[in-house]
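Chemist: Per this note's numbering, residue 999 is the first one in the sequence shown, and the count goes up by one each step. Quick reminder that beta carbons are idealized off the backbone N, C-alpha and C, glycines included.
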Amino acid sequence: MRQRQQDPLLLPDHLVTRGLDRLSARRRDPDWLAARMTDAGTRFVPVLDGQNLFAPNGPTPAYLAPDQVSELVAARPPIVLLGQVGKTVCFAVGIRSTDALPAEHGRFQPLRQTAALLSEQDCALLALAKAMIEWHARHRFCGDCGSPTESREAGHILVCTNKRCGVEHFPRTDPAIIVLVTHADRCLLGRKTGWPKGMHSAIAGFVEPGESLEQTVAREVKEETGLDIEQIRYHASQPWPFPRSLMLGFYARAATTEIVVDEFELETARWFTREKICEGLRNSSFALPSSISIARRLIRDWFDQGERGHLETQVSGFVPSST
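#1: With DSSP as the reference, please indicate the residues paired to Phe1270 in a beta bridge.
#2: Is Phe1168 helix, strand or coil when you go by DSSP?
#3: Run the CB neighbour count on Leu1007, radius 10 Å, all protein chains shown included, and call it buried at 16 or more, exposed below.
#4: Excluding sequence positions up to five away, which residues of its chain have a Cβ less than 7 Å from the Cβ of Pro1287?
#5: Express the C-alpha separation of Gln1312 and Cys1276 in angstroms, rounding to a whole number.
#6: Between the C-alpha atoms of Phe1240 and Ala1090, what's the straight-line distance to the nearest angstrom?
#7: His1233 lies in the beta strand (DSSP E); which residues open and close that run?
#8: Can you check DSSP and say which residues form a bridge with Thr1086?
#9: Rounded to whole angstroms, what's the CA-CA distance from Val1219 to Gln1229? Just pull it up for me.
#10: Write down the C-beta distance between Met1245 and Ala1174 rounded to the nearest angstrom, noting that I regard them as a contact closer than 8 Å.
#11: So, under 8 Å CB-CB, Gly1048 and Glu1132 are touching, yes? Tell me the CB distance rounded to an integer number of Å.
#12: For a quick check, are the C-beta atoms of Gly1081 and Leu1018 less than 8 Å apart?
#13: Between the alpha carbons of Gly1056 and Gln1236, how many angstroms are there, rounded?
#14: I need the DSSP call for Val1067, collapsed to helix, strand or coil.
#15: What are the uninterrupted segments assigned as alpha helix (DSSP H) that are 4 or more residues long and contained completely in the stretch 1108-1176, given in chain order?
#16: Can you tell me where the alpha helix (DSSP H) with Phe1301 in it begins and where it stops?
#17: Between the alpha carbons of Leu1070 and Ala1098, how many angstroms are there, rounded?
#18: What does the Cβ neighbour count give for Lys1195, buried or exposed, with the cut at 16 atoms within 10 Å?
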């Protein structure tokens, strides 16, 4: 397969924080943090039960000023310094109840439902806020001794309050692989039970202890489809905060082609030519993964190397671009 001459760092990605200065050195400056928390130019990114706040009318993020969250902040919710975008310092703030904010500030909804409609910068900032506040919610107590934890360094470390323990806990990211297996002019796509009608995607799974990434790629493909693979090649990565993964994208070539589906993992797995993908898009029997996902990128980049033109052109020509 021809190597696509693109820098993964420059590819569109709605979940990667670009243009964000994370202000790591400022996390240990209490005076600076206190001043920024009340500065009129600061903005807060609210998160409630893993959902982000959007404007009442339309998929526009609702960023709140300090005076809009002053009472909320006084109740000492989880607060995390996200960084600075342009001249604006941003904090994530955890909301414990819908009653904590007036309805006119907006409504909470899952980021996954609206991500494709947002700008890359907005989407990435909301995703970061969601990931950090969810981490705080899941680590209110020390995993070693069970004592309460305390936020440090502007929310980027949680420290056990038990002096005999004192363990520091850091934000967790789970590595997972996703691989598009190809053979001749076909790619392998699988489907899980419960997915939207017709949707297929690349093979994915979590890295297990003691594995290299390449071993995980080969194991997941073998377990889920019975195929042996070769020529494993890294393509790009993507943070995936649903709930806290780092997706590592690969291509691989099939060494065997007879599919044996593990029905516990997949409903089905099939070989698709570019023509079959276009036909499925045309008659609505086939749907692509989310346009913000690395799965879509893997399929797109493979598709675009063929003679059918660009995948996104095919999608817009047959059906509305999937989200």
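Modeler: Let me lay it out:
#1: Your numbering for residue 1270 matches position 272 in the sequence shown. DSSP lists Cys1185 as partners of Phe1270.
#2: Sequence index remark: in the sequence shown, residue 1168 carries index 170 (1-based). Phe1168 falls in the coil class under three-state DSSP.
#3: Position 9 of the sequence shown, counted from the start, is the residue given in the question as residue 1007. Note that Leu1007 scores 40 on pLDDT, short of 50, meaning its location in the model is unreliable; the coordinates nonetheless yield the value given after this. Burial state of Leu1007 is exposed, judged by a 10 Å Cβ sphere holding fewer than 16 other Cβ atoms.
#4: Numbered from 1 along the sequence shown, position 289 holds the residue referred to as residue 1287. If we look at Pro1287 and ignore the five residues flanking it on each side, its Cβ neighbours are Met1197, Ser1199, Ala1293 and Arg1294.
#5: Taking the first residue of the sequence shown as position 1, residue 1276 is located at position 278. Taking the first residue of the sequence shown as position 1, residue 1312 is located at position 314. Taking the straight line joining both Cα atoms gives about 7 Å.
#6: As a first step, residue 1240 is located in the sequence shown; it is residue number 242 there, counting from the start. As a first step, residue 1090 is located in the sequence shown; it is residue number 92 there, counting from the start. Straight through space, the alpha carbons of Ala1090 and Phe1240 are spaced by roughly 17 Å.
#7: Sequence index remark: in the sequence shown, residue 1233 carries index 235 (1-based). His1233 -> beta strand (DSSP E) spans Ile1227 to Trp1238.
#8: For the purposes of this step, residue 1086 is taken as residue 88 along the sequence shown, with counting starting at 1. When DSSP reads this structure, Thr1086 sits in a beta bridge with Val1083.
#9: Position 221 of the sequence shown, counted from the start, is the residue given in the question as residue 1219. Position 231 of the sequence shown, counted from the start, is the residue given in the question as residue 1229. Roughly 13 Å between the two C-alpha positions.
#10: On the sequence shown, position 247 is the one that residue 1245 refers to. On the sequence shown, position 176 is the one that residue 1174 refers to. Taking 8 Å as the upper bound for CB-CB distance, Met1245 and Ala1174 are in contact here, some 6 Å apart.
#11: Position 50 of the sequence shown, counting from 1, holds the residue named residue 1048. Position 134 of the sequence shown, counting from 1, holds the residue named residue 1132. For Gly1048 against Glu1132, the beta-carbon gap comes to about 6 Å, under 8 Å, which counts as contact.
#12: For this step, residue 1081 is matched to residue 83 along the sequence shown. For this step, residue 1018 is matched to residue 20 along the sequence shown. Taking a C-beta distance under 8 Å as the contact criterion, Gly1081 and Leu1018 qualify as a contact pair.
#13: Residue 1056 sits at position 58 when you count from the first residue of the sequence shown. Residue 1236 sits at position 238 when you count from the first residue of the sequence shown. Approximately 26 Å between the Cα atoms of the pair.
#14: Taking the sequence shown and counting its residues from 1, the one referred to as residue 1067 is at position 69. Val1067 falls in the helix class under three-state DSSP.
#15: Runs found: 1109-1112 and 1118-1136.
#16: Residue mapping note: residue 1301 aligns to position 303 of the sequence shown, counting from 1. Run containing Phe1301: Ile1292 to Phe1301, per the alpha helix (DSSP H) assignment.
#17: Position 72 of the sequence shown, counted from the start, is the residue given in the question as residue 1070. Position 100 of the sequence shown, counted from the start, is the residue given in the question as residue 1098. Between Leu1070 and Ala1098, the C-alpha separation is close to 7 Å.
#18: Stepping through the sequence shown from its first residue, residue 1195 is reached at position 197. When all chains shown are included, Lys1195 counts as exposed.
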